Each structure stands twice: as C-alpha cells, then as structure tokens.
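2 protein chains.
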Amino acid sequence: MERYAFGVDVGGTTIKLGLFSEDGTLLEKWEIPTRRAQGGAMLLPDIAESLTGAAARHGLAREAICGVGLGVPGAVTAGRHVAPCVNLDGWGGDVGAALEQRCGLRVSVVNDANAAALGEMWRGGGAGRRDLVFLTLGTGVGGGVIVDGRLLGGVHGCGGELGHIKVHAHEPEPCGCGKRGCLEQYASATGLVRTARALLETTARPSALREIPLDAKAVFDCARAGDALALEAVARLADTLGQALAAVSCVCDPEIFVLGGGVSAAGDILLQAVEAAFRRYAFPPAEGTRFALARLGNEAGIYGCAKLALDAAE
Amino acid sequence: MERYAFGVDVGGTTIKLGLFSEDGTLLEKWEIPTRRAQGGAMLLPDIAESLTGAAARHGLAREAICGVGLGVPGAVTAGRHVAPCVNLDGWGGDVGAALEQRCGLRVSVVNDANAAALGEMWRGGGAGRRDLVFLTLGTGVGGGVIVDGRLLGGVHGCGGELGHIKVHAHEPEPCGCGKRGCLEQYASATGLVRTARALLETTARPSALREIPLDAKAVFDCARAGDALALEAVARLADTLGQALAAVSCVCDPEIFVLGGGVSAAGDILLQAVEAAFRRYAFPPAEGTRFALARLGNEAGIYGCAKLALDAAE
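As structure tokens, this is what we get:
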C-alpha cells in the first residue's frame, strides 16, 4: 500500500500544509491563515480540520497516512515539547499530543528551520546526502544539522541554532537573543543592510547604493554590477559566514552546506564568496566540504515535516 | 555468558591496552612500546601478539571477546580508514582490517580524542549522559562529540576537532594545522604559557611568574594564590574557551561539557571560569548546560575504545 504523510509548517501569518507520497512527491499544497487570537487556541483545531478535509478530498484511508510532521517557530525539546513561540504570542506546550488527539494521526514536532534542513536533504539542494548542514539566511539566520540522515535537535532544542554562534566579541549592538556578536547580526538580510549602511555612513566612498533604497537585494544587485562598496559589504558577510561554518565543520564535519532563505537568492555571487571564506578558515582535511543553494524555497518546511512523519512511522 | 572487549590506545611513545568486562570494569591494563621503525610495520603485529597473550592469561575463549577498539592519533573516515598519522611517521590506512586478520577479533577504529570522549561518557565525568562534548586540553586541544550515545566522527574524520575552531581572526602566528587563530593556540597548555609570556613581556606588571620557570601549572598555581597577571592569563583562556563552547552548543546543544587533559588538572579554578564565560556567550535556552571535569585521566582512551567495541558487537 502506498503511504502518505502531511507536512504542516506553522508561521506567524500563514500555516503551510502539504500532502506527500512517500517518494517525496508533493500531491497538494495549500495554506490557511494563522489565527493567533486567544494565545493560539484555534491553531490546532484549524489544522486538524484542514487535514481531515484533505484526507477526504484525496480519498485516503486513515491507515494509508503515516502521520503529520508539525513545524513550529520555536525550540522543541524531548522530541515534542514546544517552548513558548515569540512569533505566535507564546503558543507552545505539548502541541503534538494535542493535535494527535484532534486528528487521530501520529504527530511529530520539529523546529521550522530544522524541518527545512530535512526537506532540503530529502528533495532539495542536499538530495542524496545524509550529513548536511542547512542555513536559512532571511530576516534572521536559522539552521539545521543532520547527521546520518537524522536531525540533531539538541538537549535544549538549540541544535542547529547557527544564527547565534558568536562571531564578533566586541559587537556593541545586541542581537534579538539578548547577547552580542551573533552570526545573525551580520549574515541576515538585516545584517547585510546594516553593514552596507555603516560603510556608507562612515566613508565618503562613491556607491550606487547612495541613490536607491537600501535593502539586501539592492546590495547584491550593486555588487553584481561591480559597485566596490557593495562588494565589500558582501565580502564581509561571506567572511563572517565562512568563519562560522568552519567552526560548525569542526563540530559535526558535514558533507555539504546548503544555503537557503531570502539572502541566498543572490545565488552564485554569495555561494562562491562563502565557499572561499570557508576554505580560508576550515581545518585542512575538511576544506573540500561542498556548498549548494537550497532548492525548495519556502516549501522546504512542509517537505521536511512530511519526511519526519514518514521516518517516525518506520 | 559474560562478554569482554579490548581497548587499545596507540600513542607516539607507548600503546596502552586494557581488558574490560561489558559493565565497564577494567580487569587489566598494560602498556607496550610504540615501535615506529619501518613506517610502523611492527605496530599491528605487536598489538595482536599482546592481545592474544592477554586472552590466554585470562583464560578467555574467542567467543567471549566482542572485539577490539583501536584508538589512533589521526583522522578516521568511513568508520575505519586512518589518514597518515603525523605522530607515527605516516602510519595509517585500513589498519582495522589488517588487525582483524592478525588477531581474529572484530576491530573498530576511532580517533583517540573521540575515544576519550566515549570513555568519559561510559565511566568518567559524563557517566549517565548520552549527549556530551569532551575537550582535552593538553599540548594541543582535541575533542569528541557524542549525540544520543554515538560518536560523531564526521565525513572527513573531523567531527569533534574542536581545537581548530577559529576564535581570533587576527592572530599573526600559525597553528600547527597551518591556519591562524585556532582555539588550540589559546586553550592548550602551550597557549596558556604563550598568553602569560605576552603579558609578562608587554607590561611591567609585577608577578610571581617572573621569578619561576613558566609552564601551565605555574600559571594556575600563581592564579590560585591571587597573582593578578596569572589570573588574567587564566581569564583570557577561559573567555576564549567559553566562546568556542558556546558556538559548539549552537551546533549540537549537548547536555554536558567534560574537560580533560593536563590543563584541566587546574580543577575548579578553570571549570568555574569557563562555565561563566560560556554563559556570557551561549544562546539563552542553552545557558544551563552542565560542565564537569574528566575523571579517567589518560585511561579515558582505552575505556572508550572498549566501549566502541562493545557497541559495535550489539
């Protein structure tokens, strides 16, 4: 009998859902709004109803569905307990058991960036690998570490929290986490803009960035056009990121790093610079570690959630 | 039937061997010299002969011996291939298969610092834990990462090479690995002495260290006696080490860090300073990660090798 699984990625604005067959084919994807009122009391009922409807729509018997992978924007401990999610007004707790009760399917819970890592390993930029580190470079920096095909969640749910590796001990501004000098402060879209702004404000160097609204895409576009100041901002991001990934490599020594998130849309100009920086800092035997861009975009989460549900059913 | 395993830790000068019962009792330990002549051609014959003799001495049938864990001072890939060992004049290759052929026992091969991590988890400072990071602070800095009871060896054999995490981007002196700014340059015995010497040479500050031969033990002894310059050297080591371990925590988020090696003989004065530094740099949910001193000294390797052999036989 063909087996199926649902991937559910809970975000601050929308919940993405997908139905997958066990070979990784996405049969249907859809979204529902995230109703955050009343501490998120409607989240699980909404998800359960949506899943039940999809199963009926596809004529799937309960026995054909292995389970549900639920991705959440927060730390997950002991494989199921969700710490209060900042982006969901404190929603959290043992949401896996609660959803199981509502939909009658086995539920696996996972941090959303970790889920994206698993998705990229299954059907994305890391397909065919089993030892992979994924980084999502967006407003913040998240990540996931996979060793021998399994996610490394961590004892406090902090496995793969690569955005909070300290890279600059003397940073004066605080990170969102309250500490200073986190990778996220330099390698996110926000970080790139901050670096470019500092270069613009502290020097009189000419740059096309002085004429246009400053965002991460503008910095990469100008860098690609040869703008020296934009190139320096990208080089600084790449250097910091390469150094952090070299540290990651000394811990878990993966086969491949996969870069995703909005910043990675810059493509090869980013990938090549990060790879070169990594080689400068890496322990020599690991210098040849591969780099790739993510391929699943914002569907990586539902792919990874479904994969987790399939793995859990084995 | 009670089961047994041998742990064999190959060092540059001596080979340490131990016979263990499966509950972790060390029944006998002994050493043989490391004969490095002829590219180490005698190493495996010497080990095989020594193991055969021990089995006979204890009246153990072949079936009662699960196998041999072989710890080597180099990178191990694909669970058995040993890269040429610098400290053993280039000895390496598929030494596991070669030893199996000679002694008729199943052989598991492991990096020596990784083996020590496993030993400390089994019967040392991390006993009872399954998610542990071990650091050995000696002439150099080595390490081992254990996730859910299993060593993380890495794709290039660099899993747990924590001594080569880059911590100071602007270090002018090269590390033994050829790169610059590695943790090992600051957190080893050599690194501590280097820091103390720099403080003595670049300042006129009074210090008892000016009157005695400078080594790591002298720095810790003076720090314990309240010598301000020695205290600063220890504080710098602790700060650098705490920052590196905070990065490790963002990757694999262990339950406990276990510190071993000669430098860790300093005891609580080191442990408390490192723990405080870790908390300054750690991602907040992981701030409570525990710290402990290693307990097995230089027997950690044979313990871990034997544990690996027992695990492999399951």
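Line order of the protein sequences matches chains B and U. Under numbering that gives the first Met the number 0, the first residue of the first sequence carries the number 0, and numbering increases by one thereafter. Under numbering that gives the first Met the number 0, the first residue of the second sequence carries the number 0, and numbering increases by one thereafter. A virtual CB, placed ideally from N, CA and C, is assigned to each residue, including glycine. Note that the structure is predicted; figures quoted are calculated from it, not measured.
Rounded C-alpha distance that separates Thr288 of chain B from Gly225 of chain U: Distance between the alpha carbons of Thr288 of chain B and Gly225 of chain U is about 46 Å.
Cβ contact (3+ pairs, closer than 8 Å) linking the region 2-20 of chain U and the region 294-305 of chain B: Remark: fewer than three beta-carbon pairs, one from each stretch, lie closer than 8 Å, so the region 2-20 of chain U and the region 294-305 of chain B are not flagged as touching.
Does DSSP put Thr189 of chain B in a helix, in a strand, or in coil? In this structure, Thr189 of chain B counts as helix in the three-state DSSP scheme.
At a CB distance below 7 Å, what residues from the region 227-258 of chain B approach chain U? Give them in sequence order. Hits within the stretch, in order: Gln242, Ala245, Ala246, Val247, Ser248, Cys249, Val250, Cys251, Asp252, Pro253, Glu254.
With 16 other CB atoms within 10 Å as the buried threshold, where does His169 of chain B fall? The residue is exposed, with fewer than 16 neighbouring Cβ atoms inside 10 Å.
Where Ile46 of chain B and Ala126 of chain B are concerned, what is the direct C-alpha to C-alpha distance, given to the nearest angstrom? One C-alpha to the other measures close to 29 Å.
Where are the beta strand (DSSP E) runs, 3 residues long or more, that stay fully inside the region 59-105 of chain B, in chain order? Every beta strand (DSSP E) of 3 residues or more that sits fully in the region 59-105 of chain B is shown, in chain order, as 64-71, 80-84, 90-92.
Could you work out which residue in B:Val250, B:Lys178, B:Pro205 is closest to Ala229 of chain B when comparing CA atoms only? Closest by alpha carbon: B:Pro205.
In three-state DSSP terms, what is Arg289 of chain B? If DSSP states are grouped into helix, strand and coil, Arg289 of chain B belongs with the strands.
DSSP puts Ala4 of chain B in a beta bridge; with which residues? In DSSP, Ala4 of chain B forms a bridge with B:Phe19, B:Gly66.
Quick one: any contact between the region 91-102 of chain U and the region 267-287 of chain U, if contact means 3 or more CB pairs under 8 Å? Too few Cβ pairs lie closer than 8 Å, so no.
Any beta carbon from chain B within less than 8 Å of Gly158 of chain U's own beta carbon? Yes, Gly158 of chain U counts as interfacial toward chain B.
Can you grab the Cα-Cα spacing for the pair Asn86 of chain U / Phe133 of chain U, in whole Å? Asn86 of chain U and Phe133 of chain U: Cα-Cα distance of roughly 22 Å.
Which whole-angstrom value describes the C-beta separation of Ala112 of chain U and Gly142 of chain U, a residue pair presumed to lie in contact below a C-beta threshold of 8 Å? With a Cβ gap of about 6 Å, Ala112 of chain U and Gly142 of chain U count as contacting.
Cross-strand partners of Ser107 of chain B (DSSP beta bridge): The partner list for Ser107 of chain B (beta bridge, DSSP) reads B:Gly68.
According to DSSP, simplified to helix, strand and coil, what is Cys157 of chain U? Three-state DSSP puts Cys157 of chain U in coil, outside helix and strand.
Would you call the region 5-15 of chain B and the region 62-75 of chain B touching, i.e. three or more CB-CB distances under 8 Å? Verdict: yes, contact present.
Those runs of the alpha helix (DSSP H) which lie wholly inside the region 230-300 of chain U and span at least 4 residues: Entirely contained in the region 230-300 of chain U, the alpha helix (DSSP H) runs reaching 4 residues are, in chain order, 267-280.
Strictly under 8 Å for the Cβ-Cβ distance: is Pro32 of chain B near chain U by that measure? False, the Cβ-Cβ gap to chain U never drops below 8 Å.
Using DSSP's beta-bridge definition, name the partner residues of Trp29 of chain U. Here Trp29 of chain U is bridged, per DSSP, to U:Leu16.
Can we say the region 66-80 of chain B touches the region 151-161 of chain B, given the rule of at least three CB pairs closer than 8 Å? Segments in contact, yes.
Beta-carbon proximity list for Ala293 of chain B, same chain, < 8 Å, skipping 5 on both sides: Take Ala293 of chain B, set aside five residues on each side of it, and the residues of its chain with a beta-carbon closer than 8 Å to its own are Ala115, Glu119, Gly123, Gly124, Phe133, Thr135, Val257, Leu258, Gly259, Gly260, Ser263, Ala299, in chain order.
Quick one: what does DSSP say Thr202 of chain U is sitting in, helix, strand or coil? In this structure, DSSP gives Thr202 of chain U a state outside helix and strand, which the three-state scheme calls coil.
Rounded C-alpha distance that separates Trp121 of chain U from Val247 of chain U: If I take the Cα positions, the gap works out to 21 Å.
Indicate whether at least one CB of chain B lies closer than 8 Å to the CB of Asp130 of chain U. Interface with chain B (8 Å Cβ-Cβ cutoff): Asp130 of chain U is included.
Thinking Cys251 of chain B and Cys251 of chain U are a contact (beta carbons under 8 Å), I'd like their distance in whole angstroms, please. Confirmed, about 6 Å.
Please report the distance separating the alpha-carbon of Leu244 of chain U from that of Leu104 of chain U. C-alpha of Leu244 of chain U to C-alpha of Leu104 of chain U: approximately 38 Å in a straight line.
8 Å CB neighbourhood of Thr13 of chain U in its chain, flanking five on each side removed: Taken in chain order, the residues that qualify are Glu30, Ile31, Pro32, Thr33.
Just the Cα atoms here: how many angstroms apart are Lys165 of chain U and Lys178 of chain U? Rounded to whole angstroms, Lys165 of chain U and Lys178 of chain U show a C-alpha spacing of 9 Å.
For Gln184 of chain B and Gly139 of chain B, I'd like the C-alpha separation in whole angstroms. Whole-angstrom Cα-Cα distance: 8 Å.
Cutoff 8 Å: Phe277 of chain B Cβ touching any chain U Cβ: At a cut-off of 8 Å between C-beta atoms, Phe277 of chain B does not count as an interface residue with respect to chain U.
How many angstroms separate the CA atom of Ile211 of chain U from the CA atom of Glu274 of chain U? Their backbone Cα atoms lie some 29 Å apart in a straight line.
Cβ closer than 7 Å: which chain U residues qualify as neighbours of Ala285 of chain B? Residues of chain U with a Cβ closer than 7 Å to the Cβ of Ala285 of chain B are, in chain order, His155, Cys157.
What residue range does the alpha helix (DSSP H) around Gly52 of chain U cover? That run of the alpha helix (DSSP H) goes 42-56.
Endpoints, beta strand (DSSP E) assigned at Val140 of chain U: Going by DSSP, Val140 of chain U is part of the beta strand (DSSP E) stretching over 140-146.
Strand pairing of Lys319 of chain B, partner residues [DSSP]: Because residue 319 of chain B is not part of the residues shown, which for chain B are 0 to 313, the question remains open.
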